[in-house]
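Undergrad:
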């Protein structure tokens, strides 16, 4: 019996029985060991099939259109509440990038006179309240210990349906945000990620648009309120709860608390696919940096790509966090070039980027680029061996149960997929579709999606230690001479308003300055 | 900036454990505990109905146990445990063994030779001769490495776990402990017992010297390129004169470069014996199954002849505040640290509340003062480190907001710290701090992995895996006056270390 057959057979049995199961891996054909000898290899073990019957979430829809996903679990201490909206950073208005993140940073119920009063209330009950703006989701989450469910429900519903719009919060946000901008280049990996995305997708694309000091200055309470009013609406929401509660009672409570919350959400923007980037070799100079960060790639596949499952399988075998993936094996294990090498053809939340990344010592920069480019060429041009694909599919099949492992994860997944508009059977049938990918399909997908002749290469680090090495001969690639990217210097950015509580600004602290990114030859 | 703060905090070792654990339902009646004949401790916590479990193997060894000149060797052992065994990662072990031995021996010789150049004064001719020998050895080492790698499969250990559905396969080294962690479907417990016991009993240090280069990359990434990593390393080195808590768990760069496989093997033999191990599983399994597999697989580990020696290093009383300047690309940071007593003292318990009250979240005193009222910083945090096995330290970090400087933030932080040493907090504030410490630990214990790591740690530290239950109950007995008195003692100026990070070319100091 081979591995693939074992997995397929287990799946079909489980599907027929309505179970979720992580099937046993194939047992080797070798004769069994004597009972008194300790097995030395996994093939000598026999694993019983994993039978597991997750309770399906209860789903309802409120009269105002909000969908509910409830997972009651007596063994869970406390309750987790999640609201996920089809809105996020991609809904930022063109004149105010960062607005969604600012709403997340300042969101609180109107029932509290101040942010400080709200925080104290949370602390007195040990409740965690968070809000976050992802590219295409806005998420509000409350994590409450046992005994404070009513308080948690009240502040959750109030923050969503009856938010505060106090001027003070916008002002506080501005003061923190401007310092975040001043420090935005502190982390070399973050700089490399941001600038690489701009090179691939375009600097003014919806996925890469950046906030500058003038945007911070323009943030006002009415802008926060307008975003909230446009997007945090029931017809745009999936609300989940997991934990120790009675589902009927909780649904009734949510209905009551969200009464009066009116539908009318704005339509999620329709985004045009980005144009392919121009191939090229770029660098950013960070004098004194002990490491270089390298990014290589081009446009990739968005999450809704028709070949999603082939890409998911390739991502796993090619460049996942797994130390057994190709990039880790070759660049870390065999060549000791890096601590962490990753790569994926896309499926990231956004436009989709074929992105390869690693950090290495400056003197190895050229070797690392060459090695990564070599792996990219191999992926595009050589067949993906069936055994390598099968191992990646095994990993997904056997680990799939983790998507259901706790009531919290079950609920969060159900909310995420419902918010994305996936059908109800998306998760239960996901594995089947992933396992159906053949080696021929994966090979064809890689050949179509990966173009070793169209690479964008970005190297970030101390240029005096790597620039001379970036020759076509050393890289094995001719992308033309390296182009320098100069980043705007926000370290002296100031808010134009007077901050009476701050120490006096020295004479050199000028007005807000915005310098846009440009590329030029050295 | 939240992203930066999260990134910074992620680098802190055992942050949560240092604040002790939570109230509520600590399932003592469900806990399975067994000491095997070879000295190994098994701890199981079944969670019926769960389809998965987390397995943790924790050795009571960390950077505190490293001999001088060998810092980073415990962390190297963490890495080598993924390189396979005599049965895993093998093509044909009999054929591989001579290549393996030659590869390790040539690599060791090269390491010794390389580390002998440049550290001690020598004549130019002697150095030239040494360089020639290094060059020749390097060529030989690369040739033998290539042959060895062609005769084995060092990635198989990781790959096998992955194929069986492992999630979060990882390991970590702190000053106190090395632990290996994996989450698996609950029908794979025997796989876990086989893989974990085998990598302890029959480790093979495949490609040791190349992995050392990977560790050097890790250090460059996490410490040398990271202003907070550098500040934390500098603070520990200044807090402790003689105690090995002064050394970073990843090792000093020149020590990493000079480590040999021979030293690694000797360190492993002494510190990874069964008497120094706690093996924990939390999740969906039957207690009898766990104990039977534990006995069968981990029971075979042989006790070691000579085990670890406790660290004997008592710090002299502090003689004055120490200030360190760090200058890396990146914005300013202010890190204040103070030495304190460790588990199981009352001072340690009270410090859990002191950290929470001063820097536990946005309604803490430092956050309200520095971030909200003065707008001098955009974030503050507090934690206990660098370890738990010995007397340790309490740290506070502020991220200044321009034009406020590091020293401005330090002055404000000191003001709050010293105020707590003068005036006892009101009872409601102390109660709130205790409630939130408990809730935080309860959240950590909710997941299988968080609970497993906590059980392993406290089994090592106190002999009682559920000791957090007691600590958390004891938090209720701390009085506001005790908080004041501990704050006054710990936050004495002469007891402190200040680390100021400013970007190159921008000197620190106040306005």
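Protein chains in written order, with this note's numbering: chain W, 4 to 525; chain Y, 22 to 532. Yeah, the Cβ is synthetic: ideal placement off N, Cα and C, and Gly gets one too.
1. Using the three-state DSSP reduction, which class does residue 37/Y fall into: helix, strand or coil?
2. Measuring only between beta-carbons, confirm whether residue 404/W sits less than 7 Å from chain Y.
3. Give the interface partners of residue 293/W over in chain Y, defined as CB-CB distance under 7 Å, in chain order.
4. So residue 63/Y and residue 48/Y are in contact, right, with Cβ under 8 Å, and what is the actual spacing, rounded?
5. Using beta carbons (cut-off 7 Å, strictly below), is residue 472/W in contact with chain Y?
6. Using CA atoms only, rank isn't needed, just tell me which of 366/W, 407/W, 236/W is closest to residue 469/W.
7. Could you check whether residue 322/Y and residue 339/Y sit closer than 7 Å to each other, using their CB atoms as the reference points?
8. Spell out whether any CB of chain W is found under 7 Å from the CB atom of residue 471/Y.
9. Using a beta-carbon distance below 7 Å, is residue 169/Y in contact with chain W?
10. Would you list, in chain order, the members of the stretch 333-354 of chain W that have their beta-carbon closer than 9 Å to a beta-carbon of chain Y?
11. Can you confirm whether residue 201/W, when its beta carbon is compared against all beta carbons of chain Y, has any partner nearer than 7 Å?
12. Let me know the secondary structure DSSP gives residue 487/W once reduced to three states.
13. By the three-class DSSP mapping on this structure, what secondary structure does residue 275/W have?
14. Let me make sure I understand the geometry here. Which of 456/Y, 527/Y, 476/Y has the alpha-carbon closest to that of residue 497/Y?
15. Would you say residue 248/W reaches chain Y, if we count a Cβ-Cβ gap shorter than 7 Å as a contact?
16. Which partner residues of residue 85/W appear in the DSSP bridge assignment?
17. Counting contacts by CB-CB distance shorter than 7 Å, is residue 388/W in contact with chain Y?
18. Under the DSSP definition of a beta bridge, which residues are partnered with residue 405/W?
19. Quick one: Cα of residue 418/Y to Cα of residue 188/W, how far?
20. State yes or no: is the beta carbon of residue 96/Y nearer than 7 Å to at least one beta carbon in chain W?
21. So, are the CB atoms of residue 342/Y and residue 107/Y less than 7 Å apart?
22. To which residues of the same chain is residue 45/Y closer than 6 Å at the C-beta, ignoring the five residues directly before and after it?
23. Quick one: does residue 377/W have its CB under 7 Å from some CB of chain B?
24. Along chain Y, which residues have their Cβ under 9 Å away from the Cβ of residue 235/W?
25. What does residue 185/W touch in chain Y if you count any residue whose Cβ is under 8 Å from its own?
26. Does any residue of chain Y bring its CB to less than 7 Å from the CB of residue 178/W?
27. Tell me the start and end of each unbroken alpha helix (DSSP H) in the stretch 376-414 of chain Y that is at least 4 residues and wholly inside, in chain order.
28. Cutting at 8 Å between CB atoms, please list the residues of its own chain near residue 96/Y, excluding the five before and the five after it.
29. Do the stretch 220-231 of chain Y and the stretch 161-178 of chain Y meet, that is, are 3 or more Cβ pairs less than 8 Å apart?
30. So is residue 524/W buried or exposed if we call it buried at 16+ other beta carbons inside 10 Å?
31. Closer than 7 Å, Cβ to any Cβ of chain W: which residues of the stretch 397-416 of chain Y, in chain order?
32. Residue ranges of each alpha helix (DSSP H) run of no fewer than 4 residues wholly in the stretch 225-292 of chain Y, ordered along the chain?
33. Which residues share a DSSP beta bridge with residue 540/Y?
34. Leaving out five residues before and five after residue 472/Y in sequence, what residues of the same chain have Cβ atoms less than 6 Å from its Cβ?
35. Mapping the DSSP letters down to three states, classify residue 91/Y as helix, strand or coil.
36. Hey, would you say residue 403/Y sits closer than 7 Å to residue 376/Y, going by beta carbons?
TA: So, to answer that:
1. Its pLDDT being 31, under 50, residue 37/Y is placed unreliably in this model, and the value from its coordinates should be taken loosely. Coil, per DSSP.
2. yes
3. 241, 245, 246
4. The Cβ separation is near 17 Å, so there is no contact.
5. no
6. 366/W
7. no
8. no
9. no
10. 335, 336, 337, 338, 339, 340, 341, 342, 343
11. no
12. strand
13. coil
14. 456/Y
15. no
16. 144/W, 243/W
17. no
18. None, per the DSSP bridge assignment.
19. 20 Å
20. no
21. no
22. The predicted model places residue 45/Y with a pLDDT of 43, which falls under 50 and marks its position as unreliable; any figure quoted below should be read in that light. For residue 45/Y, where only same-chain residues beyond five positions count, the Cβ hits under 6 Å are 463.
23. The chain inventory of the structure shown lacks chain B, comprising the protein chains W and Y.
24. Per Cβ cutoff of 9 Å: no residues; residue 235/W is ~20 Å from chain Y at best.
25. 352, 423
26. yes
27. none
28. 84, 194, 199, 236, 270, 271, 272
29. yes
30. Confidence at residue 524/W is low in this model, with a pLDDT of 32, below 50, so its placement is unreliable and the value that follows should be read with caution. Residue 524/W comes out exposed.
31. 399
32. 229-240, 248-260, 274-279, 282-292
33. No answer is possible for residue 540/Y: it lies beyond the span of chain Y, which begins at 22 and ends at 532.
34. 303, 466
35. coil
36. yes
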